[in-house]
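In my numbering, the protein residues as written are 8 to 138. The C-beta atom is built at its ideal place from N, Cα and C for all residues, glycine as well. The next block holds one structure in the form of structure tokens; read it before the comments.
Spelled out as structure tokens, the structure:
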């Protein structure tokens, strides 16, 4: 019986590991998309720097990517930490942490829209391939 339990535990860990790889892959593509194709003038560099991601497992941030050392990076991380406790068991959170990001989007500029659309399309397809 112990051997059967070990196999189930190992299978569960393998699935989680593969799922995390998928999420990290998609997240990296998404933030690259958002940073490269943001259709706004980033005067201070803070908005683009605040774009990043966190992968949250059981309310804790396990992986994250925010680049640079500007105010925007701190704002992005802060927003992700705020959202972490509100997420299900496993979640990918892609953020633009500056408070005015939604205002820029509402003016028809792309901050995260293209990244979000790309991630929403990719994740289900990639997770299906894990089966």
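Asked                                                                                                           : Found
CA-to-CA distance, residue 55 to residue 44, given in whole angstroms                                           : 10 Å
Whole-number beta carbon distance between residue 105 and residue 57, since they are thought to touch under 8 Å : 5 Å
Cα-Cα separation between residue 19 and residue 93, rounded to whole angstroms                                  : 24 Å
Residue 10, enclosing alpha helix (DSSP H) - first and last residue                                             : 9-44
Backbone CA spacing between residue 122 and residue 101 [nearest angstrom]                                      : 8 Å
Local conformation of residue 106 per DSSP, three classes                                                       : coil
Residue interval of the beta strand (DSSP E) (run including residue 69)                                         : 67-72
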